[in-house]
Amino acid sequence: MIKADETHAEPARYRIAVRELCAFAAREGDLDLRFTPSPTAQQGIRGHQRIVRRRGKDYESEISLSGDIGNLTIRGRADGYDPKRNCLEEIKTHRGDLSRQPAHHRALHWAQARVYGALMCRSRDLEGITLALVYLDIAADAPRGVKGSKDEQNEQDEQNEKDAGALDDRDEQTGQVDPKSRKAQHDEQRLEAWWSREALEAELARLAARFSEFAANELAHRSARDSALSRLAFPWPSWRPGQRQLAEHAYKAVMTGRELLAEAPTGTGKTLATLYPALRAMPASGTDRLFYLTARTPGRALALDALATLAPAADDSEGQEKTPATPLRILELGARSKTCEHPTLACHGQSCPLARGFYDRLPAARDAALADQRPLKLATTRRHALAHDICPYFLAQELSRWADVIIGDHNHYFDSHALLFALTQANDWRTVVLVDESHNLIERARGMYSTELDARQFHFLLKQLSRTGHPAPLRSASRALARQWRALEQLKQGADAETQASKVDSKDAGHKARRLALEALPGDFLKVLSQWTGAMGDWLAEPDKAANPAAARQQPARATAIQAPEQLGLIASDASSAAPSVTDTGTATTDSGSPPSTARRRVEPDVEMMEAYFAALTLARLAEGFGDHSLFEVELAATPPARQASLASDSNSSCGVASDAGAEAEAGGGEAARPRKARGRSVRQIQPRLRCVSPAPWLAPRLRASHATLLFSATLNPPAYHHRLLGLADDAVWLSVDSPFSAAQVQVSRHRLSTRLRDRDASCRPIAELMARQYRQRPGNYLAFFSSFAYLEQVASALQQLAPEIPQWRQTRAMTEAERTRFIQRFTPEGQGIGFAVLGGAFGEGIDLPGSRLIGAFIATLGLAGFSPENEALKQRLATWLENDAQRRSQPQQAEGDPHDDTRAPRPVIQPLNADDCTYLYPGLTRVVQAAGRVIRSEQDQGVIHLIDDRFMRPEVARLLPRWWTPTN
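Here this note's numbering is used: the first residue of the sequence shown is 17, the next is one more, and so on.
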């Protein structure tokens with residue numbers, strides 16, 4: 017370990033994890049994202065535990081190691097160490113044939129093992145050590161199951177370990193492993209090598225040297241950044257009303273490491289009021305990275321504009337573009353669908369030219385991008401990437417490791433595979449997370465942690481995989497999955513939810529559509545689904561083994577490893593047109609529909625198979641976290657009554673998978689056709705899905721991982737709803753900022769008119785008359801919001817008949833980006849007319865129409881979600897979770913310090929929430945206030961807002977409206 021000179025301060029060191037050091041210094045070759053089916057996180061943990069149990073009581077696991085070399089402090093956790101054999105193990109779980117592993121992956125694993133070995137020799141004062149790469153194939157006789165069967169899995173693991181035998185003995189003279197001394201462990205492959213301490217130190221020095229200069233530059237940048245930010249001044253001579261109040265609370269939250277939930281009306285200047293204090297506090301709080309997350313693209317642009325204001329531009333020496341005076345690295349992250357240069361190509365060097373040699377050219381591209389002191393917007397990053405012939409999307413991901421401020425979407429941190437959250441954990445960063453438009457986060461997170469299996473897709477896929485031409489395990493697993501899938505309709509959902517489901521009328525009358533809402537996982541279904549994903553993964557890793565050898569030799573060369581759907585070219589809608597398809601007889605066909613003569617009964621993985629496979633993996637992964645915050649639903653389609661049998665039998669009935677009800681016929685030899693007995697539903701008539709009811713258990717770990725989190729929006733009322741469903745800490749701070757606008761700027765009117773479904777036909781003409789009267793009184797630009805496209809069309813047609821002279825334009829379903837732009841462009845300062853839109857859609861928030869571009873809004877709905885079995889099931893499950901969450905939060909917490917101290921932290925005050933309001937009222941009113949907020953955008957604006965529904969006059973609704981409004985009836 018390097019020690020500082022006693023007469024000088026200890027030199028600054030750059031902290032880096034072992035994995036990150038190796039990723040920087042040891043990666044080379046192509047970018048290769050072809051997916052060799054890998055275990056889930058839980059399977060990986062269980063695989064590590066299985067190895068540890070085999071090794072004996074003296075075996076050490078998860079050894080924390082650290083060491084200094086040059087200007088670096090390297091730290092990490094070694095997987096395992098056997099002191100008797102002096103063997104350090106790096107454990108990797110996998111599926112399939114290990115020989116298919118790319119060479120550069122293996123080289124990276126060895127690099128990690130050598131660094132851990134060097135640190136271990138330092139820690140234990142060893143002269144040398146044996147390094148072992150241990151690859152555990154979880155598919156080889158490994159127990160597959162679901163949550164709830166963990167005890168059975170552990171018992172099976174222990175039995176496997178007893179059967180596997182004892183540890184190897186090492187020859188004391190040769191230091192080599194005797195392969196005969198250990199009984200064969202068919203699921204474990206080892207690669208061993210003995211290294212001296214000197215050799216390991218040399219390897220560590222070699223890797224450190226590659227990173228040392230870069231680390232020195234990073235340390236210098238950090239010092240200059242913190243020095244500049246500590247002197248950062250507010251860019252304007254005065255604060256807006258309420259803006260300083262928000263900025264002060266934001267600064268305190270960052271300095272104290274708290275969570276802040278802040279409601280600040282439109283016009284407060286929330287973007288600048290949160291970015292400025294967060295940046296100013298970075299040096300004193302020791303913040304490594306700042307993440308600014310938004311729900312929409314315009315939010316990213318506002319953040320970039322605010323940062324440009326905070327980091328004023330200075331003319332460069334050549335008089336070209338301006339560069340910021342503050343040494344702040346700013347990076348914008350975008351969606352892959354908008355940044356990929358070759359969306360129809362797969363992400364590996366054999367397919368995409370920008371993936372070929374990616375890691376060989378990455379250092380030069382990275383250095384050029386980081387030397388460019390301008391904000392790395394999407395276009396700037398693309399220019400640097402293409403200048404070095406590498407992928408812009410993945411260059412941006414690499415630059416995320418070195419940027420100070422990252423502007424991205426909510427899912428870049430809160431999704432289950434979020435890049436920024438993974439980097440935070442891997443590098444032990446101290447991060448500050450700013451979440452703009454946080455009123456959207458509940459629904460966005462529900463979508464992130466919900467999934468479903470496409471019943472129609474699996475119906476045909478399971479039939480196809482059950483036929484010959486595929487491995488026997490895959491055929492068997494497909495048939496078992498089809499049986500368990502069909503058995504889902506027999507599940508019971510409990511008396512409380514029975515009213516949501518209709519019973520089968522009779523054997524011959526068919527089945528009515530119904531929905532099952534299950535508060536527990538269907539264990540048998542998920543168990544066979546896990547077995548199917550294992551068999552599918554094995555086949556996808558080694559498809560050639562399932563093929564006819566003669567046919568395989570005549571197939572054109574192709575990559576047999578697979579990858580995630582978006583990496584298969586799914587960004588392009590027509591990407592699947594070139595993929596091989598399979599006929600009902602199991603024959604691969606070309607685009608022309610003719611079967612290749614040499615490919616009979618050989619089926620290669622295609623796009624739909626990949627989609628289905630990854631959907632199943634996602635459901636299995638989310639099922640591992642199933643709890644009272646989740647709901648498993650089964651939607652059962654209606655089936656027609658049984659038909660008379662035909663004389664022809666179903667040619668597909670022998671495949672082992674049941675066909676649709678009514679598709680199979682029964683016939684007697686020469687006898688008249690007999691009525692057929694009604695059958696159960698087929699796979700494509702049974703739609704399973706896993707729904708996230710409350711995202712709090714998923715989001716809470718991500719909130720706790722950051723140093724401070726600031727969530728802000730114009731509509732966060734009531735605060736308890738957002739506080740609890742987002743999983744904020746009990747000590748989170750709530751702030752409600754007064755509006756900078758006055759009640760005199762806007763005339764809010766509430767109208768006693770019902771917009772309920774049963775009254776909509778009668779409401780159309782009165783609404784049209786109100787709109788015409790307001791327009792004639794004050795011509796200008798207006799927006800009218802409705803609960804559905806059908807309602808929108810009814811009122812728009814009524815207005816067209818009543819006042820054809822009033823210009824109008826309408827939002828339509830599935831508008832393109834260009835069509836949405838043209839819709840907004842109609843709102844010009846000199847324009848006149850009424851734009852019709854759907855509440856909660858693209859024009860309900862995130863658009864800025866100041867001044868005369870918009871002078872009024874009509875909101876003809878309360879914004880409530882429709883009453884349906886789906887929403888009622890969510891409400892009932894949410895009621896259970898709210899009650900349990902209140903109990904969990906009310907439990908006294910042990911005070912920090914002595915674990916035996918009886919001192920308890922005070923119980924937090926839990927504000928009660930009604931599940932019905934959380935399901936219907938609160939989300940609806942949030943959409944209403946967001947839409948109304950389009951009217952007044954500055955202190956000079958004047959406008960009108962018409963709230964058209966008698967329920968707006970109810971006290972429980974009125975108190976959720978902005979405080980600065982003074983509505984009249």
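We put the CB at the ideal spot given by N, CA and C, even for glycine.
In this text the structure is predicted, and so the values were computed from the model without any measurement.
On the three-state DSSP scale, how would you describe Lys849? Here residue 849 is Gly; the residue named in the question, Lys, does not match the sequence. Three-state result, Gly849: strand.
Candidates Glu204, Val34, Leu49: closest to Arg71 by CA position: For Arg71, the nearest C-alpha among the options comes from Glu204.
What is the rounded straight-line gap between the Cα of Gly424 and the Cα of Phe430? 11 Å
Taking C-alpha atoms, which residue in Gln261, Trp211, Arg43, Leu114 lies nearest to Cys137? Trp211
Gly539 - DSSP class collapsed to helix/strand/coil: Residue state, collapsed to three classes: helix.
Threshold first: 4 residues or longer. Then list the alpha helix (DSSP H) segments lying entirely within the segment 429-495, N to C. 435-443, 457-464, 471-481
Neighbourhood of Leu815 by C-beta distance below 7 Å, restricted to the same chain and skipping five residues each side: So the qualifying residues of the chain are Ala784, Met787, Ala788, Ile822, Gln824.
So, is Ser779 buried or exposed, given that buried needs 16 or more other C-beta atoms within 10 angstroms? The residue is buried, with at least 16 neighbouring Cβ atoms inside 10 Å.
Can you give me the start and stop residues for the beta strand (DSSP E) that Thr837 sits inside? Premise fails: Thr837 lies in the alpha helix (DSSP H), 833-841, not in any beta strand (DSSP E).
Taking buried to mean at least 16 other C-beta atoms within 10 Å of its own C-beta, is Asn985 buried or exposed? So Asn985 ends up on the exposed side.
DSSP beta-bridge partners for His767? Ile964
Which value, in whole angstroms, describes the spacing of the CA atoms of Ala269 and Leu477? 52 Å
Rounding to the nearest angstrom, what Cα-Cα distance links Glu833 and Ile863 in this structure? So the two alpha carbons sit approximately 14 Å from each other.
Spatial neighbours of Ser367 within its chain, please: CB distance less than 6 Å, with the 5 preceding and 5 following residues excluded, ordered by chain position. Leu361
Are at least three pairs of beta-carbons, each pair with one atom in the segment 280-299 and one in the segment 949-966, less than 8 Å apart? yes
Stretch-stretch touch, CB-based, cutoff 8 Å, three pairs: the segment 34-50 with the segment 86-101: yes
Considering only the alpha carbon of each residue, which of Ser884, Thr725, Arg893 lies closest to Arg530? Ser884
Report yes if the C-beta distance between Leu207 and Tyr132 is below 9 Å; otherwise report no. no
According to DSSP, Arg705 sits in a beta bridge with which residue or residues? Glu468, Glu649
State the DSSP-derived secondary structure class of Leu361, mapped to helix, strand or coil. When DSSP states are grouped into helix, strand and coil, Leu361 belongs to the coil group.
Alpha carbon of Gln892 to alpha carbon of Leu288, nearest angstrom: 41 Å
Tell me, please, whether the segment 704-711 touches the segment 728-745 by the rule of three or more beta-carbon pairs shorter than 8 Å. yes
In chain order, what residues of the same chain have a beta carbon less than 7 Å from the beta carbon of Arg491, not counting five sequence neighbours either side? Leu481, Ser482
Spatial neighbours of Pro983 within its chain, please: C-beta separation below 6 Å, excluding the five flanking residues on both sides. Val764, Arg766
Sufficient close CB pairs (3 or more, under 8 Å) joining the segment 412-424 to the segment 378-385: Contact check between the segment 412-424 and the segment 378-385: three or more CB pairs, one atom from each, fall below 8 Å, which counts as touching.
The ligand NAD and Lys354: does the residue's C-beta get closer than 8 Å to at least one heavy atom of that ligand? Among the components modelled here there is no ligand, and therefore nothing to report on the ligand NAD.
For the alpha helix (DSSP H) containing Arg247, list its first residue and its last residue. No alpha helix (DSSP H) holds Arg247; DSSP gives it neither H nor E.
What number of angstroms, rounded off, separates the C-alpha of Gly641 from the C-alpha of Leu504? 21 Å
Which runs of the beta strand (DSSP E) at least 3 residues long sit entirely within the segment 303-330? Give them in chain order. 305-310
So which of Arg829, Ala858, Tyr798, Leu818 has the shortest CA-CA distance to Phe843? Ranking Arg829, Ala858, Tyr798, Leu818 by CA distance to the CA of Phe843 puts Tyr798 first.
Just grab the DSSP bridge partners of Lys393 for me. Paired residue(s): none; Lys393 is not in a bridge.
Between Leu532 and Phe801, what straight-line distance do the alpha-carbon atoms span, to the nearest angstrom? Spanning the two alpha carbons is a distance of roughly 34 Å.
Span separating the alpha-carbon of Tyr308 from that of Ala653: CA-to-CA, the gap between Tyr308 and Ala653 works out to about 43 Å.
How about Gly421 and Leu347: do their beta carbons lie closer than 9 Å? One detail in the question is off: residue 421 reads as Val in this sequence, not Gly. Contact flag set, yes.
Is the beta carbon of Leu320 sitting closer than 9 Å to the one on Lys393? yes
Please return the same chain residues whose Cβ sits closer than 7 Å to the Cβ of Pro845, not counting the five positions on each side in sequence. The residues Gly867, Ser868, Arg869, in chain order, have a CB closer than 7 Å to that of Pro845 in the same chain once the five nearest residues on each side in sequence are set aside.
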